[in-house]
Structure formats: C-alpha cells, structure tokens
Amino acid sequence: MEAMGTPIAAETMPPAVTRRRGHAAPDAIRTALRHALEGRPEGFDLFRILRFLRAARLDATPPAVAEQLLGLQRDGLARVAPDRRWTWIAGSTASAPWPDGADDSPAGPAATGGRRLLAVRGTVALTDGRRHPSPEPHASTVLEHGPDALRRLLPFYRECLIRNESRDTNGNAEGYGKQFLFCRPPGRWWPELGSEGRLRIERAHLPEAFLAGLARRKAEPLVLSYPVHYVRPRSEDMPPFVLPVAAVACGWSLTADALEIVIPTETPRFAADWLKDQRFRGRDTSDLARWTVLEDTEDGKDAPFQDWRSVAERAQIFAAADVRAPIEPARLADALDLSDRTGMYNLLGVFLPSELRFARGAAREIAEIAAWSEHDLSATALAAVFARAADGAEGDRVDAALPAPSAAEPLELGQDQLAALRDALRGPLTVVTGPPGTGKSQVVAAIMAGAALEGRSVLLASRNHKALDAVEERIRALVDDKPLLTRANTDEDSVGFSFERAIESIMARPAASGRRDRLVEALDQIRRLDGLRVAACQRLDEVAAAADALGRIVEEIDTLEAELGAETAGWVLRAPALPDLHRTPWWARLLPRLLARRILMRAVARLRPPPAAAPVDEEHLERWRAVCGKGARLRAALAERDRLEAELRAFDATERPDPAGYAADIRSRSAAALRTLVDALAECEPSDRAELTDLRGEVGLTQKGGAVGAERYRDLWMRAKELIFRHFPLWAVSNLGVSSKIPLIPGLFDILIIDEASQCDIASAIPLLARARSVVVVGDPAQLKHITKVDHAWEADALRAAGLYAAGIGRYSFVANSLFHVAAAAGGRQHLLRDHYRCHPDIADYISDTFYGQRLRPLTAPAAIRPPPGTPPGFHWTSVAGPISAAASGCWSRAEADAVCAHLRTLLLDQGYRGSVGVVTPFVAQADRLRDRLEAEIPAEIRDAVRLTIATAHKFQGDARDLMVFSLCLGPDMPRGARGFVATTPNLVNVAVSRARAVCHVFGNIEFAATCGIGHVQALVARRTRRSADRIGTFDSPWEQRFHDALLGRGVVTVPQLPVAGRRLDLAIVDGGRMIDVEVDGDRWHRDIDGNRKQSDYFRDLQLRSLGWKVLRFWVYELREDMEECVERVVREL
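So the sequence shown is residues 156 to 1289, counted in the working numbering.
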C-alpha cells in the first residue's frame, strides 16, 4: 500500500497541498484566477488566462493553471461554458486556507494547510432517556390503518430507502473539505445505551464546497467514522485517501448558524472497504465477526449494543500493526499529516456519502406522493395495500367500472392458475403464493395477455430481471417474437424505453388496416366460449356435489348394515313399516309402565323379526328401539341413494359437458387474437398521429417549466395515457428503474403485477403502487426474503419520532416485512398455486411436507426428468464427516469440498453426463472454495455445457438444474452462529432443494444431521429412505376392494391408492406401456388436505391424462348392478 519511509511525490499531491519549486505556488495561482475571473464577467478561455497570469508576472505552467481551474470548478466557484470560457459564479466566496502547521483548529473554514488536513472544531451535547433497550409499541394507542397512516408512513419509507442503499464513503485527499472533514469535539462525544449525542459544527467552520454537498443531499444521512485508516498508495499516480474504520449513518440539520449531526445509540459497523483491505493484507476478519459487532446474514441474530469506545478498542487490537497513534476517542487528533505512513489514526471523520445511485428516483417520487390529495391516493393500488384493518374484506370487492373477467387465456392453465387470473382481472388486490415450480410466471404471462386482449394496461415490476425475463420469454413465444411486452429497462440496455420514446415509435408506424375490428369479433367469440366453459364447470361441480352426497349416503348405508347385521337389515327393508319405539303414544302414558312396554313389543312381534336381532320381550325394549331407529335411518338413506343415483343416471344419459374442449378452443382463439392484436398495435390511426404530434411538442415545453410545468406534465400524460396504451399496453420495469421511464401519474395503469414480492421491500414498491389502480402481488414467503441494511433500533426510533410507534405498526415494518407480507395482511383475494411441475415427486413431496403443509400436487412430466446415468431420480446422500472450520462469515468444510469435487469429476469427466448441474451451499466461504476448485478441475467447455453454477441459494432463485449438489456444511464442531443461521433460515434450504428437477444429492455428516434438532434438515435425512408409498395396498372403501377382487379374478392386477401427481389413484393398472386409473365414484366423501371437497374431477383427469394415464370412472351403482360388465370395460381397455 505504501513505500515505507518514502515521502509522497509532490506531483501526486492534491492541488491545495502541492509545492512546486521554481513556479508560482498553487494558492497564488488560485488567488490570481479569482481576481481575473471576477473582473471579467464574460470570462476567459485558457489561452487568455495564461496571458493574464504572465502579465501579472506569475510563472505558472498550463497544467498548473488547469489544475487550479478544475479545483475552482469542483468547489462550485467557477464554471466552464460550451465555448470553453471560464467564468466566476456570482456570489461565490473562496475559502482561505489555514496556515501550515497550525496546532489548534482556528474558528475559520476547514481546509488543507500545506501537507496537513486540519480538523474543524465541534461541540457535543449528550442527552439521556431517549432510547429504550427493548422498545415496545404503546399498548394504549392503536395505529389506524388507511390513508392517514399511509401519508404519515411515506416520509419514514423514504428515509428507509435512502439508508438501505450502500454508498461510497471513502475520502480522497483531494476531496477534503468537499467529500469529508475531520472534526475535533473536546472530551466525550459518543453516546451510551439510553442516551443520544448531538454534534454541532459552526457554519463558519464549513467550506462552501461541503455546504454545497449538503444541499445536494437534502435529507440523506451523513456518515460519522472513527477511527480512520489513511492510505498512501505505492503509485505516485494515485492520490492518498482515507477509509472509515467503523461508521454510523447520522441524521442532520443545517441552520443559519450551524450543522447539527445526531449521533444515534447504534453499534458502529466496521466499514466494508476497510474489512476488504484487511482481508487483502491476509488477515482473517472472522475474529471481528465473532465479536458480534457485525450483523452478518450467515452468523445469526443482531448483536448486542457496543459503543464507539468498545468498537475502537477491538479495531485497535485486531489491526495493532496498523495503529500509528494512540486510539483515544476522548482525545482526538487535530490533523492528519499527508506525509505520514499508511495506518490507523485517532481522527473523527464526517463523510458525505456518494449521491444515491439506484434509489434517487424512488426517494424523490415518494416525497411527491406524500403531497397528493386523498382523492389521488384513493385512485391507486396504495389504497388496497394500506387498507384499514377493519376493511379486511376490501379486496373482495370488485371494481364496477371494469368489465367482467372473461379469462381469455392463450396459455394452458390449471385450476388454481385460472382462478388467480379471473380475480386479477377484476379485484383491487390479488395475492398469489407461488411455491417453487408451480408456474407463477405462466400465471403472470396469462394475466398480462388476457388484460391486453381486454384492452387493459399492465405494468409488470420486479427487483429481479430474471423474473421479468421469464415472463417476457413466454409472451414472445405466444406472438412469434413480435413486440407486445415493452421492457422499459434491462440488465444490458442502460437506455431502455420510455413514454417519450413511445411517441416517436408510434408516429413511425403505418396507417391502420381494420385489424382492430376483427379483434373485437374474435373477443366476442372468446367471451361466449368462456361463458359456456363456466356453465360446463358449474354443471360438473353440481354432479360432483351429488356424487359426494351419494358417497356420504353409501358410507352411512354400509355402517348401518354392518351394525344391524345382514339378517336384521333384510328384515328392516322387507317390513312394511317400522314402529317408532322412541315416541310413546298418548294413550300408552295412561297405562302402567309394564303394560305400556308390553304393548310396544307386540307391535314389533307382529312384524316377525328374525331371532338374531334380539328376543321380543319387554326386557329388550331399548335394544329394539335402537334397531328400529337404525332401520328407519337405513330406509331413508336407501331412498336418498336411489334419488341421487337417478340424478346421476340422468346426467350420464345426456352429453357430458366438456370444459376441456372449451378451454382448448379458448386457448387457440386467444392465441390467434393475441397475434392479431400485435399486428394492430403496429398500426397508427390518422387521428392518433395528429394527437401525437401535439403531445410531442407539449411534453418538450413542460419538462423545464418548474412546478407549474410539472403539474402540466402530469395532466398531459393523464390525458394521453389511453393513446400510449392503445399501442403499448404491456410494460415491464425493475422496481427502481420506473422513475426515469414511466411518468408518475395516479392510477396510470389498470393493473400492476409485482413479481418476487417476498424479496421486495415496501418502500421501493410505493411509486409502483401509485401508478396503478389495482395490484397483483406474486411471491412466496417460504423462499428468499428481502434484504435490508436498516436495523430494528433505528427503525423504532424513526417510527417513534414520526408519532407512528403504536400497536399495529408492526405490519408496516420495513425491516421485518416484505411487500408480500403487507399485501397478504391487507386482505384481498388469496391464491395458492398447488400444482408443481418441476421436481421429481420425491423431491416435491419433501418441499410440500416441510414447507407447505402437504398442499402441493406434483405433476412433473417424466420426460422432464434427466438424472445421471445409473442414478435413480430423487434424493441421494453421501455422508461426509470432517472438521467444520469458521470463516470470516459462516463456515466451510474441506472434507465436503473434496467429496463434491471428486463426485463431479467422475460424473462430468469420466461418465460424460451433460444434464444441467448446480452446486449449492448455505455459506459463501464454502461456495468460494468449491468454485475455485471446480473451475480449476473441470474444463470451461464442460462447465458451460452443463451450465455449472456454484453459489449460495440466493444465486439460484428463479433457476433450476437437472442435478443439484448440496454441500450442507453441518457438523458438531461448526460455529454456533453458523448453526443458528441454518436453523433460522429454512427458506434457503427450500430454495436449494427445489432447484433440482431429477436429483438432489446431499453431501454432509448424516449422523449429526439426523439428530441436529433442525427440523428441515432432519426431514431431509428422512427423505433418504422414505418414499411416498406408505398407504399403497390399502383400500379407501369396500367397493374399491370388491372391484379389485373382481378384476383380479379376470387376471387384472391393480394397485390400490397409488400416489401419482399429488393424489392417490383408487385402483391403478400398469401393464407395459399402458397406465389406467380406475376411479370408483359415489362411494365416499372426498376431502383434500385442507378439509375441502377435492378438486374437480375434470381438472384431476386433465392432469393425469397429461402424464399419460387413461382414466376410467365407475359409479357405485354400476358396480352394484352389473359388476361383470364393469370388469369387461376395464379388460377391453387392456
């Protein structure tokens, strides 16, 4: 980092600290330039400036003059015009440098004096009692959800967004007084737990350039750093610079007299660049992690509070060889000598972070939204997401202004997907939970396509460009790669596409040719077919309800017949009428009790009951009461069975409704209509062309019109939106890219879809929600969560300061909750996509059982499974026992790395497997070691052929591989924090395992994993031997067993309750290439895992047929009346 003992070369020093022998001093050149430019308002070019300086007898070279001019420009004192003339900025005052070698900071502007960076004076006031170690919301007040809460939350979310972005806080020595300052308050300046510090710096001590930087950042936090690390690069071409060692973001305010910085009671964080520099020097920073100063995603929970003195002591111990002066926070140094060696110094730094790069537009727009009227806010999706708690059913209302959803879907959809599509096209808030492999991108693409066909506008947003790519690929495939979805920004295209560019694009299009008229006719046909499909599904649901009712009756009949016995049951049915022995006639009440009982028994005797029932005497009256009661229920049940069977016979006698046929027709027509729509979008009506010409001119006039122009700009786009959407109805954008591409208009789009919403923070979604009337929130809280740099302590303080710290505020926590959580809590229509299409059933069953309450239904096509040769699909485990070593973050295992690399060398090099492969592990340190080794051991062309990726689960979100190799890094000697990380992040294991299509091969200590006490890991071990065949061979009803026995008598072997596609087949026949599912209907009450009536047979049969099964259905009455004919039907199929 430095040449020890060698002073830094004069040519590499910053302007304010340079000394050049034989030439004018920089300060003299700077003063002369100021006089020259102030005296000539029209300015000088460089040639005339040099002539002026020579006339003033200043010996200055052109590079020295240019250097000072650039310095004046950086300080905001001078500017250069397009004609290269330099002019002084009116009203600017230059800061005079302090004298070299000053011992104390004078009460004057901060500057560099010679070769020293001098600290400014400051004072600190410490206050007590503001913070509480474990704050709780005040129980006596309850936050009222709704527009008022939203308006008060907006400034809080804006500040969260600003604090959440990582920004550069390093200080180049040339930027002293502009990017950063040193400050020297006397005595104690840092707060303890339960107190707060306020650092005050007089405005007169601050350079103009620093004040200008504050003005540009407005309410963005400053960064306070102590101690600092000074670096003198070896290269003379690089200026020296300063790194914060530990830092805290601080709020601030600027008055006419002073800058006041609020020092929070927050544990200072070791700066990432300083840690990186320490690792570059070969130091293991895991010691600092174990001190728990860092909050690390792989090392457990938030650390306890540590004050500045404790953090500084730990930094001093850790980097003792770098300490160049005693680290004493109460006795701060007053300057940094730039000739000193690289190392740690006892200085307190105030840094202006680099300006917001990603969140600038969103932060600006949240401030604009806060000023909107209640009418504007209520017209947006914000109203549904931030609904009052009492309005939990708010999402159930439908928008009367919108047409009834016709579900014109050009893609094949399952039952859950179709239901989500219908709600998305109508309700203000729809929440779709999409577990891995359940086709959520298919749903999103179908919603967008269906909305476009209905003439609706849709904005798709996600933090993840990969999610946008997946939807775009599906939509492009529907329209033969023609443009339908407009990508406002992509990973590759920094320019993107905006509403302004849309104007130019539309005006360049040819005249219309009547395609839109044909589109209207096609949509009418689709709506008619969808109505027929709905009616057919309703009819099938009615039949299914009748079948379920019949099932209940048949179960009741079987139970009653078993309890009565065959002989007694036969007598019950033959008897003309059964006496009601429970109701005593009025006249019998007048007789003695024994006589009355004798009379009742004579009524039974006249019916000649079988001897097996019970003796016919007074002593067995209660027995006969039970027999007659059950007999009456049996007769009623048989009558109800006959009625239901008659209803089902009548249904079978008519043409069976075919929703599948309607659905196929709708898909075909919708796809054709979508292609017609794309062609129509590429045309421009003459009236549109005239309106666009006006729009283009007005947009240019309003963009530079200040506040009035901004209001006019908004009104302009509000009127012109229908014109834009008539040609560009579907848009996609990243969350933080929307501000520069799409105007901020309340309710601009009909529908907003936010994909991967469980990874999306609340704040960055606010500008998106403001641009739409309704929202579809798609995500999965059981997968990756949103990541934030904001901590709970700061959040609690900020909410308290805003008067929002009350019961009910937890719902809106930026740190704890994602947008998905907030939307799900607001009500709306909720949909879980249960049909799983990615993984082998054994893998899918683990995911379903462990993370989704056994609610997923695996429908993976066998053709999609591509395991390595000789390896059965499903779970495999290679037990590896070895030391688990602590790393700077998390841990790593050399033994597991050896085993994984050996396995992949065999698989890829020796066996030539070319399916796709991923290697996943919970810890970055293990991923780095595996990546380094596999890149060295597996040739690049093979790695590319198998798409080999080695990473933590975060890199695999939205991706999949045929084979996933999972290095678990779990053992008895692993660091406690790393174990806690695995235990508390089941979502990462969910993501890791669910990427595997065919095989998930786990490498780890199986003996420890089996008893580790981590539920999702122990379930993973259990999957090594467990399969889903527990109930195979059992029967769910007597009629299934009778049919099975009859088929077996004809040589047909059936497997009862075979699990397929997330359900169990009544009787399965697998005969060579033939697979037949024999279903017995009307023999039992069908319930799914949620206790609801099972999915419609229509959808079940469709799914089974897609997997190659033939479905044969038999009513119980068919089996009862003609078992032989039913057996013949099955035999004929074989």
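Even glycine gets a Cβ: it sits at the ideal position worked out from N, Cα and C.
The model shown is predicted, which means the values in this text are computed figures rather than measured ones.
**Request:** Measure the CB-CB distance between Gly1206 and Met1230 and report whether it falls below 8 Å.
**Result:** In the sequence shown, counting from the first residue as 1, residue 1206 sits at position 1051. In the sequence shown, counting from the first residue as 1, residue 1230 sits at position 1075. Their beta carbons are not under 8 Å apart, which means Gly1206 does not touch Met1230 by this criterion.
**Message:** Our contact map puts Leu491 next to Tyr385 with C-beta atoms below 8 Å; I'd like the distance itself, whole angstroms only.
**Reply:** As a position in the sequence shown, residue 491 is number 336, starting the count at 1. As a position in the sequence shown, residue 385 is number 230, starting the count at 1. At roughly 6 Å, the Cβ-Cβ gap stays under 8 Å, so Leu491 and Tyr385 are in contact.
**Request:** Verify whether the separation of the beta carbon atoms of Ala1052 and Leu1085 is less than 8 Å.
**Result:** Position 897 of the sequence shown, counted from the first residue, corresponds to residue 1052. Position 930 of the sequence shown, counted from the first residue, corresponds to residue 1085. Yes, they are a contact pair.
**Request:** Would you list, in sequence order, the uninterrupted alpha helix (DSSP H) runs of no fewer than 4 residues that lie entirely inside the region 601 to 645?
**Result:** Here the runs fully enclosed are 620 to 633.
**Coil, strand or helix - His300 by DSSP** = Numbered from 1 along the sequence shown, position 145 holds the residue referred to as residue 300. Note: His300 maps to coil in three-state DSSP.
**Prompt:** In this structure, does DSSP put Lys876 in helix, strand or coil?
**Reply:** Residue mapping note: residue 876 aligns to position 721 of the sequence shown, counting from 1. Annotated three-state conformation of Lys876 is helix, per DSSP.
**Message:** If distances are taken between C-alpha atoms only, which option among Lys373, Glu520, Pro590, Pro394 comes closest to Leu507?
**Reply:** Here residue 507 corresponds to residue number 352 of the sequence shown, with the count starting at 1. Nearest of Lys373, Glu520, Pro590, Pro394 to Leu507, Cα basis: Lys373.
**Residue of Leu336, Gly855, Ile418 minimising C-alpha distance to Trp949** = Residue numbering aside, residue 949 sits at position 794 when the sequence shown is read from its first letter. Selected option, being the one with the closest Cα: Ile418.
**Prompt:** Who are the near neighbours of Thr282 in its chain, counting only those whose CB is closer than 7 Å to its CB and skipping five residues on each side?
**Reply:** Along the sequence shown, one-based indexing puts residue 282 at 127. Ser350, Glu351, listed in sequence order.
**C-alpha distance - Val448 paired with Ala401, whole-angstrom precision** = Here residue 448 refers to the residue found at position 293 when the sequence shown is read from its first residue. Here residue 401 refers to the residue found at position 246 when the sequence shown is read from its first residue. Below a pLDDT of 50, predicted positions are generally treated as unreliable, and Val448, at 37, falls in that range; the measurement from the model is reported next regardless. Those two C-alpha atoms are separated by around 10 Å.
**Beta-carbon proximity check, Ala1057 vs Tyr1007, cutoff 8 Å** = To locate residue 1057, count along the sequence shown from 1; it is residue 902. To locate residue 1007, count along the sequence shown from 1; it is residue 852. Not in contact: Ala1057 and Tyr1007 (Cβ atoms no closer than 8 Å).
**Prompt:** Which one of Arg881, Pro340, Pro181 has the shortest CA to CA distance from Trp488?
**Reply:** Here residue 488 is taken as the residue at index 333 of the sequence shown, counted from 1. Note that residue 488 corresponds to Ala in the displayed sequence, not to Trp. Per the Cα distances, Pro340.
**Three-way DSSP call (helix, strand, coil) for Gln471 in this model** = Your numbering for residue 471 matches position 316 in the sequence shown. Note: Gln471 maps to helix in three-state DSSP.
**Exposure label - Met499; buried when at least 16 CB within 10 Å** = Locating residue 499 in the sequence shown gives position 344, where the first residue counts as 1. Result: buried.
**Prompt:** How far does the alpha helix (DSSP H) with Ser408 in it reach, from first residue to last?
**Reply:** Translated into positions along the sequence shown, residue 408 becomes position 253. Where Ser408 is concerned, there is no enclosing alpha helix (DSSP H), although the beta strand (DSSP E) it sits in stretches over 401 to 409.
**Request:** Take Ser260 and list the residues in its own chain whose beta-carbon comes closer than 7 Å to its own, dropping the five residues that flank it on each side.
**Result:** Here residue 260 is taken as the residue at index 105 of the sequence shown, counted from 1. Model confidence at Ser260 stands at a pLDDT of 36, short of 50, so the residue's coordinates are unreliable; what they give is reported in the following sentence. The residues are Leu273, Ala274, Val275, Arg276, Arg339, Asp489.
**Request:** Provide the residue(s) that pair with Met1129 in DSSP beta bridges, ordered along the chain.
**Result:** Stepping through the sequence shown from its first residue, residue 1129 is reached at position 974. None, per the DSSP bridge assignment.
**Request:** Give the DSSP-derived three-state secondary structure of Leu939 in the structure shown.
**Result:** For the purposes of this step, residue 939 is taken as residue 784 along the sequence shown, with counting starting at 1. Looking at Leu939 - three-state DSSP - the assignment turns out to be coil, as it is neither helix nor strand.
**Message:** Please classify Phe1030 as buried or exposed, where buried requires at least 16 other C-beta atoms within 10 Å of its C-beta.
**Reply:** By 1-based counting over the sequence shown, the position of residue 1030 is 875. By the neighbour-count rule (16 or more Cβ atoms within 10 Å), Phe1030 is buried.
**Straight-line gap, Lys637 to Val833 (C-alpha atoms, nearest Å)** = Here residue 637 refers to the residue found at position 482 when the sequence shown is read from its first residue. Here residue 833 refers to the residue found at position 678 when the sequence shown is read from its first residue. In a straight line, the C-alpha of Lys637 is about 7 Å away from that of Val833.
**Asked** Around the Cβ of Ser929, are there at least 16 other Cβ atoms within 10 angstroms (buried) or fewer (exposed)?
**Response** Walking along the sequence shown from the start, residue 929 turns up at place 774. It counts as buried.
**Asked** In whole angstroms, what separates the C-alpha of Glu453 from that of Asp1083?
**Response** Reading the sequence shown from its first residue, position 298 is the one you call residue 453. Reading the sequence shown from its first residue, position 928 is the one you call residue 1083. In this predicted model, Glu453 has a pLDDT of only 47, less than 50, meaning its place in the structure is not dependable; the value taken from the coordinates is given anyway. Per the coordinates, the alpha-carbon of Glu453 lies some 14 Å from the alpha-carbon of Asp1083.
**Prompt:** Exposed or buried, Pro812, counting other C-beta atoms within 10 Å across all chains shown (16 or more means buried)?
**Reply:** Within the sequence shown, residue 812 is the residue found at index 657, counting from 1. When all chains shown are included, Pro812 counts as buried.
**Prompt:** Nearest to Leu640 by CA position, among Ser1048, Ala606, Gly669, is which residue?
**Reply:** Indexing the sequence shown from 1 puts residue 640 at position 485. If we check each option's Cα against that of Leu640, Ala606 comes out closest.
**Request:** Determine the extent of the beta strand (DSSP E) in which Ile356 is found, giving its start and end residues.
**Result:** In the sequence shown, counting from the first residue as 1, residue 356 sits at position 201. Ile356 -> beta strand (DSSP E) spans 350 to 357.
**Prompt:** What number of angstroms, rounded off, separates the C-alpha of Val553 from the C-alpha of Gly1067?
**Reply:** Numbered from its first residue, the sequence shown carries residue 553 at position 398. Numbered from its first residue, the sequence shown carries residue 1067 at position 912. Low per-residue confidence applies at Val553: pLDDT is 42, beneath 50, and the placement is therefore not dependable, though the value from the model is reported in the following sentence. Each residue's alpha carbon lies about 57 Å from the other.
**Status (buried if at least 16 other CB within 10 Å, exposed otherwise) for Arg706** = Numbered from 1 along the sequence shown, position 551 holds the residue referred to as residue 706. As written in the sequence, residue 706 is Gly, which differs from the Arg given in the question. With 16 or more other Cβ atoms within 10 Å, it is buried.
**Prompt:** Are Arg1152 and Arg1116 closer than 8 Å when you measure CB to CB?
**Reply:** Translated into the one-based positions of the sequence shown, residue 1152 becomes position 997. Translated into the one-based positions of the sequence shown, residue 1116 becomes position 961. Between Arg1152 and Arg1116, the gap from beta carbon to beta carbon is short of 8 Å.
**Prompt:** Beta carbon of Ala221, beta carbon of Leu201: below 8 Å?
**Reply:** Reading the sequence shown from its first residue, position 66 is the one you call residue 221. Reading the sequence shown from its first residue, position 46 is the one you call residue 201. Taking C-beta atoms as the reference points, Ala221 and Leu201 count as a pair closer than 8 Å.
**Prompt:** Is Val505 helix, strand or coil by DSSP?
**Reply:** In the sequence shown, residue 505 corresponds to position 350, counting from 1. Of the three classes helix, strand and coil, the one that applies to Val505 here is strand, per DSSP.
**Request:** Let me know the secondary structure DSSP gives Tyr500 once reduced to three states.
**Result:** As a working note, residue 500 is residue 345 in the sequence shown. Strand at Tyr500.
**Request:** Out of Phe652, Ala1018, Ser1149, point me to the one whose CA is closest to Ser1003's CA.
**Result:** Your numbering for residue 1003 matches position 848 in the sequence shown. Nearest C-alpha to Ser1003: Ser1149.
**Message:** Please report whether the beta-carbon of Phe435 lies at a distance below 8 Å from any beta-carbon of chain B.
**Reply:** Protein chains in the displayed structure number just one, and chain B is not present.
**Message:** Once DSSP output is grouped into helix, strand and coil, what is the label at Arg1260?
**Reply:** Here residue 1260 corresponds to residue number 1105 of the sequence shown, with the count starting at 1. Three-state result, Arg1260: helix.
**Request:** Could you check what DSSP says for Ser115 in three-state terms: helix, strand or coil?
**Result:** Outside the shown range of the chain, which is 156 to 1289, sits residue 115, and nothing can be said about it.
**Prompt:** Using CA coordinates, which residue listed in Arg688, His882, Ala918 is at the minimum distance from Leu891?
**Reply:** Taking the sequence shown and counting its residues from 1, the one referred to as residue 891 is at position 736. The candidate whose alpha carbon is nearest that of Leu891 is Ala918.
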